[in-house]
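Contents: one structure, followed by commentary.
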Amino acid sequence: MDKVETMEMIKQMHKQIDSGDTFAPDSLQKLASLLNNLELSDEEKEDLGESLNDLVGKLKSFSGPSMGMGGMDISANGNLLMQIVLVVAFVVVAPLFVFFGYKLYRSLTEKERKRDEKRKQKQMKKKK
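Residue 262 in the numbering used here sits at position 61 of the sequence shown, with consecutive numbering throughout.
As structure tokens, then:
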């Protein structure tokens, strides 16, 4: 292949990425082998380098940083990660509300019970 075909292949890869299509993994290997066989001038090398940098940038933004987690992908937008954080926060905060709510309930019922006992004692004293 010559220079024109190589540039055409790079343009085709740009179009595939822009349209959201995937391309064969061997395309990158084929491109690398073509670049090794080409004899380019300095200006052509600069143009090719810029085009390849754009392609690499598009590839990175297209695929996004992802890490596997039990067969699930956490993509750059982090929707799954955000859901996990919210669930963990709920699991931590909900028992705190339950605990303090129970303490408040117990305190109020204890005060009510003591008040009733005092009232009964006063009534007992009045009867005597």
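Built from N, CA and C at the ideal position, the CB exists for glycine as well.
Note that the structure is a prediction, hence the values are computed from the model and not measured.
Q: Within the same chain, show all residues whose beta-carbon is closer than 6 Å to that of D243, passing over the 5 residues directly before and after it, in chain order.
A: The answer is none, since no qualifying residue turns up.
Three-state secondary structure (DSSP) of S252:
S252 carries a helical assignment under DSSP once its states are collapsed to helix, strand and coil.
Query raised in the report: For K231, which three-state DSSP category applies?
Result: Three-state DSSP puts K231 in a helix.
G272 versus V292: straight-line alpha-carbon distance, rounded = Residue confidence for G272 is low, a pLDDT of 49 falling below 50, so the modelled location carries little weight and cannot support an answer.
- [ ] Tell me where the alpha helix (DSSP H) around S242 begins and ends.
- [x] Element bounds for S242: n/a, residue is neither H nor E.
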